[in-house]
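Right, one structure below, let's go through it.
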């Protein structure tokens, strides 16, 4: 991926804590235009930012946005919903979470595929360290599914010269994680690492020590990843 200078970037979930930084830092790096996509777009004080209505859970909305933004070179698949749903008992909340974090992200990638292919661009999927840790219940499952899909997208897009990257990070100091009592990453630092990775052509961008540590342990026995399983019936 070349530098972001003079490119056209689209950011989903642009009104959120990470999304706002993705919008403004793209401009700081020289992007010519940024589509700030959200379910309810807001006004921005910069003519280079184009508010765009995009509800990732509505395929018609996603396709309409893609028809309006055919000049996109970089798609930041950032929109998503937070933890709270479970995988046991009533699964209705888990299904809704998958509609956003998994199917919604796939709808965006599919709808903007023609633009990405035309510009030999970049797709960035915002994942999580919980792609590799099940402690987030249904949220972890959605991110693990998108991690797998990201690898498939890499293979499908590679012949067209489209680069697919994934951002993995722990808790970030945004409204979504406001109730979390744990160390949190600065969203500005996370987004800077994401854009550094894109410009370097990285496939996986591990934005914090926690993500690097968890990734390094994936080949270990499952008991090493989840100490609570030690001594339980196998």
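Residue numbers (the working numbering): -2 to 231.
Beta carbons are placed, not taken as given, at the ideal position from N, Cα and C, and that holds for glycine.
Per DSSP, cross-strand counterpart(s) of residue 45: Partner(s): none; residue 45 has no beta bridge.
(Q) Rounding to the nearest angstrom, what Cα-Cα distance links residue 4 and residue 113 in this structure? (A) The alpha-carbon atoms of residue 4 and residue 113 are separated by roughly 12 Å.
Using a Cβ distance threshold of 8 Å, determine whether the stretch 17 to 27 contacts the stretch 80 to 87, with at least three qualifying pairs required. The stretch 17 to 27, when compared against the stretch 80 to 87, does not touch it at the 8 Å Cβ threshold.
Selected residue, minimal CA-CA separation from residue 103, among 152, 111, 118, 122: Checked all of 152, 111, 118, 122; the closest Cα to residue 103 is 122.
Cβ-Cβ distance between residue 101 and residue 54 below 7 Å: Cβ distance < 7 Å, so residue 101 and residue 54 count as in contact.
> At which residues does the beta strand (DSSP E) containing residue 202 begin and terminate?
Replying inline: If you look at residue 202, you'll find it in the beta strand (DSSP E) that goes 201 to 203.
>> What would DSSP say about residue 233, mapped onto helix, strand or coil?
In response: An answer regarding residue 233 cannot be provided, because it is not within the stretch -2 to 231 covered by the chain.
Got a sec? Which residues, its chain only, sit under 8 Å from residue 8 by beta carbon, not counting five neighbours each side? So the qualifying residues of the chain are 16, 19, 20, 23, 31, 32, 33, 34, 73, 75.
Open item on the list: Taking a contact to mean a Cβ-Cβ separation below 7 Å, would you say residue 91 touches residue 135 in this structure?
Closed with: It is a contact, given that the beta carbons lie within the stated cut-off.
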